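Enquirer: In our numbering, the protein residues as written are 2 to 278. Using N, Cα and C, we set each Cβ at its ideal position, and we do this for glycine too. Computed from a prediction, not measured in an experiment: that's the story for all the values here.
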Amino acid sequence: MSLLVHELSEGREPVLTLAEIRNLARVAVLDERGQFLASDLGNDALERAVSNQALNLKGGQASTVIVNGVTAVSEKVTRETFPFWKEALKGRDDSWASWLLTISSPEQAQGKITRHILSALGPFTQPRLPDSAKISLVPLNPGLGRLFVFGDDDLALETAAIAARAGLKVTLVSANSLEMDLRSAQQVGPFELRPLSDWSEMNAEALEEMGFKSGVAVLVTCAQKALFMNLLNQYQIGWLGLAGEAADLQDEPGLFPLATTAALKALGLVAAILDRS
Numbered sequence: 002m003s004l005l006v007h008e009l010s011e012g013r014e015p016v017l018t019l020a021e022i023r024n025l026a027r028v029a030v031l032d033e034r035g036q037f038l039a040s041d042l043g044n045d046a047l048e049r050a051v052s053n054q055a056l057n058l059k060g061g062q063a064s065t066v067i068v069n070g071v072t073a074v075s076e077k078v079t080r081e082t083f084p085f086w087k088e089a090l091k092g093r094d095d096s097w098a099s100w101l102l103t104i105s106s107p108e109q110a111q112g113k114i115t116r117h118i119l120s121a122l123g124p125f126t127q128p129r130l131p132d133s134a135k136i137s138l139v140p141l142n143p144g145l146g147r148l149f150v151f152g153d154d155d156l157a158l159e160t161a162a163i164a165a166r167a168g169l170k171v172t173l174v175s176a177n178s179l180e181m182d183l184r185s186a187q188q189v190g191p192f193e194l195r196p197l198s199d200w201s202e203m204n205a206e207a208l209e210e211m212g213f214k215s216g217v218a219v220l221v222t223c224a225q226k227a228l229f230m231n232l233l234n235q236y237q238i239g240w241l242g243l244a245g246e247a248a249d250l251q252d253e254p255g256l257f258p259l260a261t262t263a264a265l266k267a268l269g270l271v272a273a274i275l276d277r278s
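Shown next as structure tokens:
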């Protein structure tokens, strides 16, 4: 979403692609040349087809491609829609929960789709829509809470993926993301990655740019926690856990602190995070 709004603010016409893979919404943003700016499609063949399709789209035009049973809808977003996407970004950041609703109906002109932003300040039920409409409901902010994971290890990666699948809005901050199997993890649950070249880069400006604020849940797994814990403690954090190499002796959080696998330990951590909300 941030990338899409940035491209439009620069006067360009990016391509937005939506797909559903194994009951998970997948999103990609491409530039005007069909190059991926961001993608969690997780499928090389689908990404090639989407990239080729993007090159032939005109402003405001939408098109569908099907690869191995997966349907992806791409639209070349025009500069005239900038106010809409700016409002969508605001809804993602400020609302209790928000969704991007895309509707493609048989009655519409070929190559045209309709989008709406649904935002809520409390619990929300999915709207009733005509049976004839093909819809895509992408959570921009699922409403179960915001989690920041600071770590470089498998535990940080597993927790980010499982928490995102459970419905948390997750940002994984890592100084060693190149060593992570990010594509596999983001197929479990989509989360935002914020790479650092070094943990010393962590400062108040960086946190603010990430959207860090009072009330968020925080998990720290990296041994270099001393470089930024004082900074985090300046906020009223809703839940704070120190696990893995960052854990204090005999005081590791989660339901399974003695688990021998990162996946099981991550599952216990996510359950503890959800329990506090």
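Taking Cβ positions, are residue 93 and residue 103 nearer each other than 8 Å?
Expert: The residue labelled residue 93 in the question sits at position 92 within the sequence shown. The residue labelled residue 103 in the question sits at position 102 within the sequence shown. In this structure, residue 103 does not lie closer than 8 Å to residue 93 by Cβ.
Enquirer: Check the DSSP bridge columns for residue 140 and list the partner residues they point to.
Expert: Here residue 140 refers to the residue found at position 139 of the sequence shown. Paired residues: 100.
Enquirer: For residue 191, I'd like the list of residues in its chain whose CB is within less than 8 Å of its CB, leaving aside the five on either flank, ordered along the chain.
Expert: Counting from one through the sequence shown, the residue named residue 191 turns up at place 190. Once the five neighbours on either side are set aside, the close Cβ partners of residue 191 are 25, 26, 27, 28, 41 and 165.
Enquirer: Under the three-state reduction of DSSP, which class applies to residue 9: helix, strand or coil?
Expert: In the sequence shown, the residue the question calls residue 9 occupies position 8. Of the three classes helix, strand and coil, the one that applies to residue 9 here is helix, per DSSP.
Enquirer: Hey, how far is the Cα of residue 200 from the Cα of residue 220?
Expert: Position 199 of the sequence shown holds residue 200. Position 219 of the sequence shown holds residue 220. About 15 Å.
Enquirer: So for residue 92, helix, strand or coil by DSSP?
Expert: Position 91 of the sequence shown, counted from the start, is the residue given in the question as residue 92. Three-state result, residue 92: helix.
Enquirer: Within the continuous alpha helix (DSSP H) that includes residue 277, where are the two ends?
Expert: The residue labelled residue 277 in the question sits at position 276 within the sequence shown. Start and end: 263 to 277.
Enquirer: Please name the residue or residues paired with residue 243 in a DSSP beta bridge.
Expert: Indexing the sequence shown from 1 puts residue 243 at position 242. DSSP lists 221 as partners of residue 243.
Enquirer: First and last residue of the beta strand (DSSP E) that includes residue 48?
Expert: Here the question's residue 48 lines up with position 47 in the sequence shown. First-last for residue 48: 45 to 56, but that is the alpha helix (DSSP H), not the beta strand (DSSP E).
Enquirer: By DSSP, does residue 213 sit in helix, in strand, or in coil?
Expert: Mapped onto the sequence shown, residue 213 falls at position 212. In the structure shown, residue 213 sits in coil (DSSP, three-state: anything other than H, G, I, E or B).
Enquirer: Check whether the stretch 72 to 80 and the stretch 8 to 16 touch, using three or more Cβ-Cβ pairs below 8 Å as the test.
Expert: In short, these stretches touch, since the Cβ pair count reaches three.
Enquirer: Whose CA, out of 240, 247 and 239, lies closest to the CA of residue 226?
Expert: To locate residue 226, count along the sequence shown from 1; it is residue 225. With distances taken between Cα atoms, residue 226 lies closest to 247.
Enquirer: Report back the beta-carbon spacing between residue 195 and residue 174 to the nearest angstrom; my notes put them in contact at under 8 Å.
Expert: Residue numbering aside, residue 195 sits at position 194 when the sequence shown is read from its first letter. Residue numbering aside, residue 174 sits at position 173 when the sequence shown is read from its first letter. With a Cβ gap of about 5 Å, residue 195 and residue 174 count as contacting.
Enquirer: Going by the beta-carbon positions, is the gap between residue 162 and residue 139 smaller than 8 Å?
Expert: Numbered from its first residue, the sequence shown carries residue 162 at position 161. Numbered from its first residue, the sequence shown carries residue 139 at position 138. No.
Enquirer: Please report how far the alpha carbon of residue 270 lies from the alpha carbon of residue 235, in whole angstroms.
Expert: Taking the first residue of the sequence shown as position 1, residue 270 is located at position 269. Taking the first residue of the sequence shown as position 1, residue 235 is located at position 234. Cα to Cα, residue 270 sits roughly 23 Å from residue 235.
Enquirer: From residue 9 to residue 114, what does the alpha carbon distance come to, in whole angstroms?
Expert: Numbered from its first residue, the sequence shown carries residue 9 at position 8. Numbered from its first residue, the sequence shown carries residue 114 at position 113. The straight-line gap from Cα to Cα measures roughly 19 Å.
Enquirer: Ignoring anything shorter than 3 residues, give me the beta strand (DSSP E) runs that lie fully in the stretch 172 to 208, in order along the chain.
Expert: DSSP runs (the beta strand (DSSP E)) wholly in the stretch 172 to 208: 193 to 196.
Enquirer: Using C-beta distances below 8 Å, list every residue in its chain close to residue 272, excluding the 5 sequence neighbours before and after it, in chain order.
Expert: Locating residue 272 in the sequence shown gives position 271, counting from the first residue. Excluding positions up to five away in sequence, the list reads 255 and 256.
Enquirer: Applying the 10 Å Cβ sphere with the 16-neighbour rule, what's the burial state of residue 205?
Expert: Along the sequence shown, read from residue 1 onward, the residue named residue 205 stands at position 204. Flag for residue 205 reads exposed.
Enquirer: Counting only the same chain and skipping the five closest in sequence on each side, list residues whose C-beta sits under 7 Å from that of residue 50.
Expert: Taking the first residue of the sequence shown as 1, we reach residue 50 at position 49. So the qualifying residues of the chain are 66 and 68.
Enquirer: Throw me the rounded Cβ distance for the residue 274 and residue 148 pair, which I believe falls under 8 Å.
Expert: The residue labelled residue 274 in the question sits at position 273 within the sequence shown. The residue labelled residue 148 in the question sits at position 147 within the sequence shown. Confirmed, Cβ separation roughly 6 Å.
Enquirer: Three-state secondary structure (DSSP) at residue 148?
Expert: Walking along the sequence shown from the start, residue 148 turns up at place 147. Of the three classes helix, strand and coil, the one that applies to residue 148 here is strand, per DSSP.
Enquirer: Taking DSSP as the reference, what is the three-state secondary structure of residue 29?
Expert: The residue given as residue 29 occupies position 28 in the sequence shown. Note: residue 29 maps to strand in three-state DSSP.
Enquirer: Have a look at the DSSP bridge pairing and note the partners of residue 115.
Expert: Along the sequence shown, read from residue 1 onward, the residue named residue 115 stands at position 114. In DSSP, residue 115 forms a bridge with 104.
Enquirer: Is residue 22 helix, strand or coil by DSSP?
Expert: The residue labelled residue 22 in the question sits at position 21 within the sequence shown. Correct three-state label for residue 22: strand.
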